[in-house]
Amino acid sequence: MMNDNIKKKMCLNKILHNDNTVGYVFAAPFIIGFLGFTIIPILVSLYYSFTNYNLTTSETWIGLQNYARLFQDTRFLKSVRVTLIYVLTSVPLKLIFALFIAYLLTKKSRGVTFYRSLYYVPSLIGGSIAVALVWKELFSTRGLINSLFISAGLEKVSWFGDQKMAMIPLVLMSVWQFGSSMIIFAAGLKEISPTYYEAAKIDGANKRQIFSHITLPCLSPIILYNLVMQTISAFMSFTQAFVITRGGPNDATNFYALYVYNQAFKYYDMGYASAMSWVMLIIMSLITFLIFKSSKRWVFSEAGE
Amino acid sequence: MKLKKLTAFILSALLITGLTACGSSDKASGANSEEAPSQTTEASADKTTLRMAWWGSQARHDATVKVIEMYEAQNPTIDIEYEFYDFDGYFTKLNTLVASNTVWDIFQLGGNFPTYMDKIVPVGEYVDSGIVDVSNTNDSFLSTTTWEDKLLGLSNGVNCYGIAYDPQLFSEAGVPEPTENWTWEDYKNACLQIHEKLGIYGSSKLDDFIGGASMGISQEDYALNFFASSNDKLGFDDPMMLKDYFAMRQELVKAGAYPDPGAIFEIKDIEGDYLVTGDAAMTWVASNQMPTIAAAAGREIKLATVPRKKADGPSGSTIQSSQMLCISKDSKVPEEAAKFINFFINDPEANKVLNGERGVPIMSNIRETLEAEADEAKKEMYSFVSLIGTFKTGEINVISPARKTEIEDQYKLLIEQVIYDEKTPEQAAQEIYDFAKKKFE
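Sequence lines, in order, name chains A and B. Heads up, the first sequence is in the numbering used here, so the first residue is 1 and it goes up one at a time. Heads up, the second sequence is in the numbering used here, so the first residue is 1001 and it goes up one at a time.
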């Protein structure tokens, strides 16, 4: 008996004092969150994508019907197109802008740190509802932008009433939140060894040549990273369209994520919305894969092959 | 079963995070945290807790909370936990509760109640057992909340749709004021003329789906409805009945007499409507919004009926329940819930606080008390509802089947496509008919 007890205690002590146990205990909050909020919902949504689940009644298995429906849904096809346009315009603009500002801020002058923090502020408050609401006010019929247009002698623009215009405020809002890309670019720019620049200067290279032959290649791994991250987040854009345009007019800003939300929580078509999410995952993986594949051609690695 | 519970949990957890991010539940969660201390101070073990929820405006929240406090003061053993939301947030929350079988004991439902039939304990059972008193009302009011011969709930108030207008702007533009049986043609001409003379919008936004589709079809013939009364199919078979409304909306927007989709989108709430700001001479309202809009405008506002298709044809208007309080099947104390509903509908003091904000009360004694104290705008509302009550109607279906939201969104999308010249009114009419029909297959 005694022996048994001691054995048990020893066993427990062994488990408690094991390094791995401590690690798992500290990681538990993350593991629980990751399982509960990420992995399980993802797997459940895969199951639901093959059913007609609608929140209120129990689901039945309908196979690939949801996926087949997607290709006949003109609203869905339009939302894919709209999202692609958004990604293809907002991401490059944002990166160019971020790189430009980061480049300016590498100059050694007083107050650089202050300006860098200042430019980062929009990204800190970026995704919030409040900013989106302010953006909506700015571009409204009687908003600041239109007042500026009028005082500059231009015509008033109905930003949210014109199908071709409605996307512009959304893209501009995304570009305005260039801060996080900028910080990463700035860090990358600092890493480039000054000896390259000195050598180039001695050889008589001008500023543009230095930028395109030294700065860009040396920065290319950072550009790749920013490109991938920003592309993914642009595909998932929701807040801007949800708050500023509600997808209108005539679905001109009906982003993919917004349409998924509407199908799920407005029309209660959970099965269909789940299928849509999975298609989005496939599209996004494919594009990320293509970017990585292409990176071999344009990303320069100092370490060489 | 296990999987289902788990999903319900995850969904609600996700929703909570989602909603906080979206901010739509800010008010509700704020109110909850404010209320929490006062509810725990008088903690006692033998208290019965009732959970209740509703949607609406700030005025409604304030009044309802006051009535709840009155009831708690009179019934010390009852503790009511309440939540309130905006309309969309309410139904998102309700759906997750339905999935997890934890619907509030007392909950508010509007015309879309058939979706939630499985969750409702008909209040009729408690009328039979004498807990709920309906002696001061009559069948025509009770029928607004009766479904398949069961009295599901008691209407919090009845209302009907109308057009609020500014008589001053009408006379400035030289347009005669609307009559009881004015037509859409009259409406269109009034809009065009007001725009031409005064440079403002003739009309602010209409409820397109009700005006053009559900009411529009009922205006064709006494026997017709957009959704058949059985709510499992369409109640008409000629798509071209929908054509004129599309054409009218297109013409008005092109002329500048009606706000374009962007301008419509800028209207945040009834207090910010173009009629209130003086940028339009008319707007669409439910009669219970009349006092709010008149107070916000601060000038004389009158109520006209919704225009008809033919001056001597059906009006398409009917008195309907704006919403009702229901008892949920998940409630463990349905009898206590019924007692509260009885208080909410029948108590004169409580209704003085509620003051007809949810619509004209169905109990005649309550109606008389409120009418006696009513201001101009409220009087206009009461007389308007009685006027609609005198119109000849067929069996108008004001109940929304589950697929209505989708159909309504498609309808609004098609209106925009017609405005932007992507579709003709004929194509749009045919398309929405086919779309809606397919949803019932």
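Beta carbons are placed, not taken as given, at the ideal position from N, Cα and C, and that holds for glycine.
In or out: residue i buried (at least 16 other Cβ within 10 Å) or exposed?
| i | result |
| --- | --- |
| residue 1354 (chain B) | buried |
| residue 10 (chain A) | exposed |
| residue 1290 (chain B) | buried |
| residue 161 (chain A) | buried |
| residue 24 (chain A) | exposed |
| residue 135 (chain A) | buried |
| residue 1314 (chain B) | buried |
| residue 111 (chain A) | exposed |
| residue 298 (chain A) | exposed |
| residue 1378 (chain B) | buried |
| residue 7 (chain A) | exposed |
| residue 1092 (chain B) | buried |
| residue 1302 (chain B) | buried |
| residue 61 (chain A) | exposed |
| residue 121 (chain A) | exposed |
| residue 208 (chain A) | exposed |
Could you spell out where the beta strand (DSSP E) holding residue i opens and where it closes?
| i | result |
| --- | --- |
| residue 69 (chain A) | Premise fails: residue 69 (chain A) lies in the alpha helix (DSSP H), 65-70, not in any beta strand (DSSP E). |
| residue 264 (chain A) | Premise fails: residue 264 (chain A) is in no beta strand (DSSP E) and is neither H nor E. |
| residue 1137 (chain B) | Per DSSP, residue 1137 (chain B) belongs to no beta strand (DSSP E) and is neither H nor E. |
| residue 1285 (chain B) | 1282-1286 |
| residue 1106 (chain B) | 1106-1109 |
| residue 1049 (chain B) | 1048-1055 |
State the start and end residues of the unbroken alpha helix (DSSP H) segment that holds residue i.
| i | result |
| --- | --- |
| residue 1302 (chain B) | Careful: residue 1302 (chain B) lies outside any alpha helix (DSSP H), inside the beta strand (DSSP E) at 1302-1305. |
| residue 1088 (chain B) | 1087-1099 |
| residue 1158 (chain B) | Careful: residue 1158 (chain B) lies outside any alpha helix (DSSP H), inside the beta strand (DSSP E) at 1154-1159. |
| residue 1402 (chain B) | Here residue 1402 (chain B) belongs to no alpha helix (DSSP H), and DSSP marks it neither H nor E. |
| residue 1277 (chain B) | 1274-1277 |
| residue 1060 (chain B) | 1058-1074 |
| residue 189 (chain A) | 179-191 |
| residue 1377 (chain B) | 1376-1390 |
Taking the Cβ atom as the reference point for each residue, do residue i and residue j lie within a distance shorter than 8 Å?
| i | j | result |
| --- | --- | --- |
| residue 194 (chain A) | residue 301 (chain A) | no |
| residue 170 (chain A) | residue 253 (chain A) | yes |
| residue 264 (chain A) | residue 49 (chain A) | no |
| residue 1152 (chain B) | residue 1120 (chain B) | yes |
| residue 1240 (chain B) | residue 1429 (chain B) | yes |
| residue 1338 (chain B) | residue 1123 (chain B) | yes |
| residue 1327 (chain B) | residue 1106 (chain B) | yes |
| residue 1175 (chain B) | residue 1200 (chain B) | no |
| residue 238 (chain A) | residue 79 (chain A) | no |
| residue 1300 (chain B) | residue 1167 (chain B) | yes |
| residue 1318 (chain B) | residue 1398 (chain B) | yes |
| residue 182 (chain A) | residue 241 (chain A) | no |
| residue 1259 (chain B) | residue 1416 (chain B) | no |
| residue 1050 (chain B) | residue 1335 (chain B) | no |
| residue 185 (chain A) | residue 99 (chain A) | yes |
| residue 75 (chain A) | residue 268 (chain A) | no |
| residue 1101 (chain B) | residue 1330 (chain B) | yes |
| residue 245 (chain A) | residue 166 (chain A) | yes |
| residue 158 (chain A) | residue 1263 (chain B) | yes |
| residue 1245 (chain B) | residue 1212 (chain B) | yes |
| residue 1250 (chain B) | residue 1418 (chain B) | yes |
| residue 1281 (chain B) | residue 1171 (chain B) | no |
Taking CB distances under 8 Å as the criterion, tell me whether residue i reaches chain C.
| i | result |
| --- | --- |
| residue 1413 (chain B) | No chain C appears in this structure, whose protein chains are A and B. |
* Asked: Which whole runs of the alpha helix (DSSP H) in the stretch 1187-1235 of chain B are 4 residues long or more, in chain order?
  -> 1215-1218
* Taking 8 Å as the threshold, find out whether the stretch 216-232 of chain A comes into contact with the stretch 124-144 of chain A through three or more Cβ pairs. => no
* To do: Jot down the residue ranges of each uninterrupted alpha helix (DSSP H) in the stretch 117-165 of chain A, minimum 4 residues, whole runs only, in chain order.
  => 129-138, 144-151
* Is the stretch 1315-1331 of chain B touching the stretch 1151-1170 of chain B, taking contact as three or more C-beta pairs under 8 Å? -> yes
* To do: Would you mind listing the alpha helix (DSSP H) stretches within the stretch 202-226 of chain A that are 4+ residues and don't spill past its ends, in chain order?
  => 207-210
* **Touch test, the stretch 1396-1416 of chain B against the stretch 1425-1440 of chain B, Cβ-Cβ under 8 Å, three pairs minimum** => These segments touch.
* To do: Ignoring anything shorter than 4 residues or poking outside the stretch 1319-1357 of chain B, list the alpha helix (DSSP H) runs there in chain order.
  => 1334-1346, 1348-1354
* Asked: Is it a yes or a no for the stretch 1279-1286 of chain B touching the stretch 1218-1233 of chain B, going by three-plus beta-carbon pairs under 8 Å?
  -> no
* Does the pairing of the stretch 40-60 of chain A with the stretch 1080-1091 of chain B give three or more beta-carbon distances under 8 Å? -> no
* Taking three-plus beta-carbon pairs below 8 Å as touching, is the stretch 198-208 of chain A in contact with the stretch 113-121 of chain A? -> no
* What are the uninterrupted segments assigned as beta strand (DSSP E) that are 3 or more residues long and contained completely in the stretch 226-290 of chain A, given in chain order? -> none
* Just list the alpha helix (DSSP H) runs in the stretch 28-102 of chain A, keeping only unbroken ones of 4 residues or longer that don't cross its boundaries, in chain order. => 40-48, 65-70
* To do: Please determine if the stretch 64-71 of chain A and the stretch 270-290 of chain A are in contact, where contact requires at least 3 C-beta pairs separated by less than 8 Å.
  => When C-beta atoms of the stretch 64-71 of chain A are compared with those of the stretch 270-290 of chain A, three or more pairs fall below 8 Å, so the two segments count as touching.
* To do: Take every Cβ of the stretch 1357-1372 of chain B, pair it with every Cβ of the stretch 1265-1280 of chain B, and state whether three or more of those distances are shorter than 8 Å.
  => no
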